[in-house]
Every structure is written in structure tokens, then in C-alpha cells.
Amino acid sequence: ALTVEASDPDEQFERVIHAGQFPVGVFRTDLDGVCFGVNPRWCQLSGLTEEQSLGFGWLQAIHPDDRDRVLLAQAEERARGRSLRIEFRLVRPDGSTTWVLSQAVGALNDEGQLSGFVGTLTDIDDRVRAETALRESEERFRNLVELSPDFITIHRGGIMLYVNAAGQQMMRCETADDLIGHHILEFVLPDYQEAAI
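The numbering of the sequence shown is our numbering, which starts it at 45 and goes up by one.
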């Protein structure tokens, strides 16, 4: 648990987000996206110093392929005064990348008017890489099944849910829809039905 001592709630907040063990990056910007504060975790994630992150320096930490998308989302957030939630990559000066989830909410001034944004960056790199690996594995499996010369079907209780291209050819069907939803035994000679399931 992370604890700090401070009598003033604002001072306590500042100490908490700037503690070295705080788990998420924190940033503050004005309405135009000009950054005027980041915490140490932001610096760890981005590879930038606090000074390098100020103003529009934070933009250099956004992966070039994601930068336009992030800027567009930020502009929409400003125009509508909404909170922002977006996933993108940070690229450090050494070239390494990290996927992060950025969430920001509007900050109000003493008159209750929107004056800027306070946001967080959460490291989601492990999750995104696991999802990517799973998608790639599923794609390889799908290609293997679809390109196989063998009749491959996925069925539940004998009702066909999927038939590959080779199966469609063997059954002389134009599309898989001609087979899906049918019981597999409809297409097996009676003498071979017991071995088919």
C-alpha cells in the first residue's frame, strides 16, 4: 500500500501521484493540450524527462503511426468536453514501444468552467501482446483448416457449424451454407454412420 503524510488534501494528492511507486502515469494539460505536469511513472513509460514532456514535448513519446489518431481524439474531447479513453503505443528514445491506455477527464477552474484535462496512462502492453498473439494463432489455425485438402467440419451434436472449402468440394456444394445446420449423418451412407460420429 502506498501512503503519504500531508495535512492539506491538495498537497496529499500531489505527493501520492508523484510518489515513485504510483502505478500509473499522470499528466495535466490545458484546453489546447499543452502539458504542464507529469509524474515519475509517466516519465518511466515514455522515456522522457518531465522537462521534455512539457508543452507539446509529450507528442514525441506517441508512436508516429498512432499520433494523428491521438490528436484527433484529443481535439474531439476538447470540442465536446467529454472524457477520453484511448489505447495507443508509446515509443521511447531507445526505440522500444509500450501499449498504454490513456484516460482523461476535464478539470474545472474555480468558476466551474472547463480549464484543462487530467489524465492517466496505464501500461497494457502484456494484455495487448497476448491478444495479438492469440489473434495470430487463430489466424494460422484458420488458414491451416481452410487450406487443408481434408474434409474438416466443426459440429455440435452432429449439427455442422463449419465446413472448410475441401469439405464443400467433396460434398459438391457451392457454399458452406448448403451444409451448415444439417446433421452430418445426412451425408453419410447408412453402413458408415456409426463410424462417422
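Even for Gly, the Cβ is constructed at its ideal location relative to N, Cα and C.
Pull up the distance between the alpha-carbon of residue i and that of residue j, whole angstroms please.
i      : j      : result
Ile224 : Arg186 : 17 Å
Leu158 : Ala151 : 6 Å
Val114 : Thr197 : 43 Å
Gly160 : Leu145 : 19 Å
Thr93  : Glu121 : 26 Å
Gln237 : Arg184 : 31 Å
Leu75  : Asp112 : 18 Å
Ala123 : Val135 : 27 Å
Ala174 : Val207 : 28 Å
Val172 : Val68  : 17 Å
Arg216 : Ser181 : 30 Å
Gly77  : Thr142 : 22 Å
Leu46  : Phe66  : Only weak support is given to the placement of Leu46: the predicted model assigns it a pLDDT of 40, under 50, and the question is left unresolved by the model.
Thr176 : Gly156 : 43 Å
Per DSSP, what kind of secondary structure is residue i in: helix, strand or coil?
i      : result
Thr93  : coil
Gln118 : helix
Val144 : strand
Gly99  : strand
Met214 : helix
Phe66  : coil
Glu3   : Any question about residue 3 goes unanswered here, given that the chain covers just 45 to 241.
Thr176 : helix
Ile224 : coil
Leu188 : helix
Leu229 : helix
Thr47  : Residue confidence is low: Thr47 scores 39 on pLDDT, short of 50, so the model does not pin down where it sits. No coordinate-derived value is stated.
Asp52  : Only weak support is given to the placement of Asp52: the predicted model assigns it a pLDDT of 49, under 50, and the value that follows is read from those uncertain coordinates. Note: Asp52 maps to coil in three-state DSSP.
Whole-angstrom Cβ separation of residue i and residue j, contact assumed at under 8 Å?
i      : j      : result
Val162 : Ser127 : Incorrect: roughly 10 Å between the Cβ atoms, too far for contact.
Gln118 : Arg129 : At roughly 12 Å, the Cβ-Cβ gap does not stay under 8 Å, so Gln118 and Arg129 are not in contact.
Phe132 : Ile106 : 6 Å
Ile168 : His199 : Not quite, the Cβ-Cβ distance comes to about 37 Å (not below 8 Å), so this is no contact.
Bridge partners of residue i, per DSSP?
i      : result
Phe161 : Thr73, Gly150
Asp167 : Val144
Cys79  : Thr73, Gly99
Thr219 : According to DSSP, which records beta bridges pairwise, Thr219 is partnered with nothing at all.
Ile106 : Leu134
Ile196 : Paired residue(s): none; Ile196 is not in a bridge.
Using the rule of at least 16 other Cβ atoms within 10 Å of the residue's Cβ for burial, across every protein chain shown, is residue i buried or exposed?
i      : result
Glu230 : exposed
Phe71  : buried
Gly201 : exposed
Gly211 : buried
Leu89  : buried
Thr73  : buried
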